[in-house]
Structures are given as structure tokens and as C-alpha cells.
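Counting in my numbering, the sequence shown runs from 499 upward without gaps.
Note sheet for the following structure.
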Amino acid sequence: MWTGHIKAAIASLRTSRWRSSLTMLGIVIGVSSVVTIVSLGEGLKQQVIGQIGRLGPDVITIRPGKLVSGPDGSSFNLLALLNTSTLSDDDVAALSKLGSLPTVLPVNFVTSTATSTEAELNNISVIGTGPQMPQMLGLSTNLGDFFDAKAANEKVAVIGPDVAGKLYGVLNPIGHSVSVAGQDFIVRGVLNPSSTGLLVAAQTDFNSAVLIPYQPSKEIVGGKTNLLQILIQAGPNASPDQAIKEAHEVLLKTHQGAEDFTILKQHQLLKLINGVINSATAFIGSIAAISLLVGGVGIMNIMLASVSERTREIGIRKAVGATNRQILMQFFSEGLVLSLIGGALGIGLALVINLLLRLYTSLEPVVNVPVIILAAGISVLVGIIFSTAPALKAARKHPIDALRA
């Protein structure tokens, strides 16, 4: 029985293809938006896991601001989200005196313009850091090498592969000058492409970043300390817990008793960032889902108009023996088919968008089967809910009144 109704619904929708296509548009946009956003969120989480997995097991992260617990049990760092820092050079100096911390790595961050003799790039992430970063974050260079301790005060730079390609084209950038915020740096190395895309430790993309020594980076921010975070590494004779305890005591002294910082081990950092990603995905996804509601309302309005236009057809069908149930199923099937086709097209569009994002950006969206099933289920649900009223209206029409229309 359902097969016959579906075939009849498809045949009916073909008679008004433009109207049917426009009706499905809301469902297509809604489903594709939800699937794409959820896929991006899942991809970001996997990137985070991969990025944190590259950290050494004894690497500890110190971030500005205190963790705030959300209503869902997740935690977030308000100051870090606002890019406001409470960490300073005094903290770095005090931590460096601890015997349990052989490595203290400040991470400075600013967005600026990078130029070469060939091109100019805006909104480039400039990271001021130390020579220990490759070891702590698992970085490597494709050309040249990373700056060492001897170059701590020199104006040298290591650039991401995307920056190298856009500023120098096919030229080997090693030894060439790159201007950052009006100051010239000599390119010393080019990073290998980062497969994990986002840099958890610096909230940026290594592929599109310029890394310079920490001391010269302070000149770019006008002498101000804008430490995004401090990475520390416990020594061979100290456990991470002991290192955290000692670092906490030292920072309390330098901050005059104010605990406006957060010290995180790997699993805590993972939980923190995943919480932020989940919250952002849920919020943006819920906004995108509104278009599904709009699409459902569109289906209902078009179906109601269709019932009014086909009143005489309904009367004729009832006059030759069609039951209320058959009329109801006819119009219900049309609305359901509209929703299902819109959902299928939306899923297909989302897959194309995800593919393009993978090919042309550093983002790596991940589409899971449950997401596809959920999207298809939502499409069916929208079709059922918003097709019911028009179908009932059609089924309840009196045949004599319908024939007179």
C-alpha cells in the first residue's frame, strides 16, 4: 500500500517541480547545516586528541584565568576565550628557577600582517616562543631548521608551509626577509605541513603561522606581555603532580595570592577544550536546526495550498469510492516524500561541503554514520509532523462540497 502512495506522491510532485524544489529548500539547508556543523565539531575533537597526543606525557599547560564550571558540568576559561592574559615574564622567570622544571616555554601570541617582496598576508598568527617548542609539540621543519637558544634575541623566523607558498611561491624562502608588523625577520626554516590543523597549544594553525623567538616578539606587541600560555615539562626526577604543586606555589607568590591562572595536565586540557567544542557545536547546531523548523512550516503551507487547489480532485476521488484514509495517505505521502528528498539532498550537500573543507582548508570535518542516521530521522520527523494537518484537512472534506468547488 505504501509503495502505491509513494509512487502517486512522486507523480503528483513532478507536476509542480519548481514549487516542490523551493519547498524542499528549507529542509536541504537545515539538514546540510546541522550535518556540517556536527561534522566540524567531531573533526575538531579528533584534531584536539591528536594534537594533545603529540605533547610529551610530562608536558603541563599553564593558562591565564581561572576555570569556570558551566551548567552542563563542562569547564571553560573566560580570560583565555577573551584572549586576555594574567601571565607575565615574572612567572616565566620564577618557574625557570625550579629544579623540577628543566623546561619552561612561554607562548606569546599576536595577529599581524606578514609581507615579503612578492606578497602581503593579513591576519597572520605570530607566535613568540622558545627553541624547545619542536620537542614539546612534535614539530619538524621541511626546509632549514628551528631557531636555537643562541638565536633567542635574534630576528629570525620559522614560517608555516602556507605562509611560505603565499609569500614566496616556488622560491626557497630560507635566508629571505619577512616583515612582521613592520619589523624584518630572516626566514630560518619552514615547518612541515601540520596534519592536525589547529594548534591546541596556541589556538592557531601552524600551516599559516609565523614563529619567532620570544624576546623579539615582545617588541611587536609594544613591550607588553601577552602570554597565551606557558608550557612546562617535569624533569626526570619529578612527577607531573609534584611539578604542578611546585608551579602552583610559585605562581601564587608572583600573583600575590590571586589564583588567576589554571594549571592543566593532558587529560584536563583535553576535557577543557572538548567541553568548549561541544558547547559551541550544540549552540551553533541549534541555530542551524531552526531552518529545519522553517522548512517544515514551508512544507505545511504548500501542502495546505495544494489541498485548496485540488479540492475538486478530492471530491471526484471520494465520489468514485476513495475513503478518507486513502485521501489522508495521499497527501501525507506527498509531504513525507518532500521531506525525505530534501533530507537526502541536504546530506549530499553536507558531504560535498565537508569534502571541499578538507581540500581547501586546514579543517578536517568527520562525518559519522550516527550523524547521517540522525539527519535522516529528523527529516522523517519533520515530514510526519508538518504533513499531518494538511492531510487531515484533505481527508475531512465532504465530497459534495468538494465537487461544488
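In this text, a Cβ means the ideal position worked out from N, Cα and C, and glycines have one as well.
> Residues in its own chain within less than 6 Å of A848 by CB, not counting five upstream and five downstream?
Replying inline: Excluding residues within five positions, the ones whose Cβ falls inside 6 Å are S530, V533, T534.
> Could you give the distance in angstroms between the alpha-carbon of E451 and the alpha-carbon of I871?
Replying inline: The structure shown has nothing for residue 451, since the chain only spans 499 to 903.
> Roughly how far, in whole angstroms, is the beta-carbon of L834 from the beta-carbon of I782, given that I think they are within contact range, below 8 Å?
Replying inline: The pair is not a contact, with the Cβ atoms about 28 Å apart (cut-off 8 Å).
>> My output table needs one value for Q754: the three-state DSSP class, helix, strand or coil.
In response: Three-state DSSP puts Q754 in coil, outside helix and strand.
>> Rounded to whole angstroms, what is the Cα-Cα separation between D646 and I525?
In response: Spanning the two alpha carbons is a distance of roughly 55 Å.
>> DSSP has R561 in a bridge; who is on the other side?
In response: Bridge partners of R561 according to DSSP: T760.
> According to the Cβ coordinates, are Y666 and S598 closer than 8 Å?
Replying inline: Contact flag unset, no.
> Taking three-plus beta-carbon pairs below 8 Å as touching, is the segment 755 to 762 in contact with the segment 788 to 800?
Replying inline: In short, these stretches do not touch, since the Cβ pair count stays below three.
>> At the level of alpha carbons, what is the spacing between A700 and A780?
In response: In this prediction, A700 has a pLDDT of 48, which is less than 50 and means its spatial position is unreliable; what the coordinates show is noted afterwards. Cα to Cα, the separation comes out at about 24 Å.
> Looking at L593 and I742, is the spacing between their C-beta atoms short of 8 Å?
Replying inline: No, the Cβ-Cβ distance between I742 and L593 is not below 8 Å.
> Terminal residues of the continuous alpha helix (DSSP H) containing L854?
Replying inline: Run containing L854: 822 to 858, per the alpha helix (DSSP H) assignment.
> Sorted by chain position, which residues of the same chain lie with C-beta nearer than 6 Å to S737's C-beta, five sequence neighbours on each side aside?
Replying inline: Result list for S737: empty, nothing under 6 Å.
> CB-CB under 7 Å to D588, same chain, minus the five flanking residues each way: which ones, in chain order?
Replying inline: The residues are T752.
> Under the three-state reduction of DSSP, which class applies to P897: helix, strand or coil?
Replying inline: DSSP, reduced to helix, strand and coil, places P897 within a helical segment of the structure shown.
> How many angstroms separate the CA atom of A612 from the CA atom of L689?
Replying inline: Roughly 16 Å separates the two Cα atoms.
> What is the DSSP secondary structure of S518, counted as helix, strand or coil?
Replying inline: The three-state reading of DSSP puts S518 in helix, counting H, G and I together.
>> Within a Cβ cutoff of 7 Å, which residues of the same chain sit near S693, ignoring the five residues on either side of it in sequence?
In response: Note that S693 scores 49 on pLDDT, short of 50, meaning its location in the model is unreliable and no value can be drawn from it.
> Rounded to the nearest angstrom, how far is the Cβ of P600 from that of V590, given a contact under 8 Å?
Replying inline: That belief does not hold up - the Cβ atoms of P600 and V590 are roughly 14 Å apart, past 8 Å.
>> I'd like the list of long-range same chain contacts for F644, defined as Cβ closer than 6 Å, with 5 residues on each side in sequence excluded.
In response: Excluding positions up to five away in sequence, the list reads P632, V656, G687.
> Unbroken alpha helix (DSSP H) runs of length 4 or more, entirely within the segment 642 to 685: which are they?
Replying inline: As far as the segment 642 to 685 is concerned, its whole alpha helix (DSSP H) runs of at least 4 residues are 659 to 666.
> What is the DSSP secondary structure of A707, counted as helix, strand or coil?
Replying inline: Reduced to three states, the DSSP call for A707 is strand.
> Which two residues bound the contiguous alpha helix (DSSP H) that contains S715?
Replying inline: For S715, the enclosing alpha helix (DSSP H) has its first and last residue at 712 to 718.
>> So, for N822: in the same chain, excluding its five sequence neighbours on each side, which residues have a beta-carbon less than 6 Å away from its beta-carbon?
In response: A distance below 6 Å between beta-carbons, with the five flanking residues on each side excluded, links N822 to the following residues of its chain, in chain order: A893.
> In terms of alpha-carbon separation, which member of I839, L855, K895 lies closest to I876?
Replying inline: Checking every option, the nearest Cα to that of I876 belongs to I839.
>> On the DSSP letters alone, give me the boundaries of the alpha helix (DSSP H) that G813 sits inside.
In response: From DSSP, the alpha helix (DSSP H) with G813 extends over 809 to 817.
>> To the nearest angstrom, how far is the alpha carbon of A842 from that of Q740?
In response: Each residue's Cα considered, the two are about 55 Å apart.
> Using the C-alpha atoms, what's the distance from P659 back to A874?
Replying inline: Distance from the CA of A874 to the CA of P659, rounded to the nearest whole angstrom, comes to 40 Å.
>> Excluding the 5 residues flanking V792 on each side, which residues of the same chain have their C-beta closer than 8 Å to its C-beta?
In response: Closer than 8 Å at the Cβ level, and outside the excluded window around V792, lie G524, G528.
> Do the CB positions of I625 and A707 come within less than 8 Å of each other?
Replying inline: Their beta carbons are under 8 Å apart, which means I625 touches A707 by this criterion.
> Below 8 Å between beta carbons: does that hold for T559 and Q727?
Replying inline: Contact flag set, yes.
> How should V867 be labelled, buried or exposed, when 16 other C-beta atoms within 10 angstroms of its C-beta is the threshold for buried?
Replying inline: With fewer than 16 other Cβ atoms within 10 Å, it is exposed.
> Can you give the Cα-Cα distance for I775 and Q828, rounded to whole angstroms?
Replying inline: The straight-line gap separating the alpha-carbon atoms of I775 and Q828 is approximately 44 Å.
> So which of A662, V668, L802, D556 has the shortest CA-CA distance to K891?
Replying inline: Here the closest residue by C-alpha is L802.
> Span of the beta strand (DSSP E) holding P604?
Replying inline: Per DSSP, P604 belongs to the beta strand (DSSP E) from 601 to 613.
>> Pop quiz: P888 and G813 are said to be a contact at Cβ under 8 Å. What is the actual Cβ separation, rounded to whole angstroms?
In response: Not a contact, Cβ separation roughly 17 Å.
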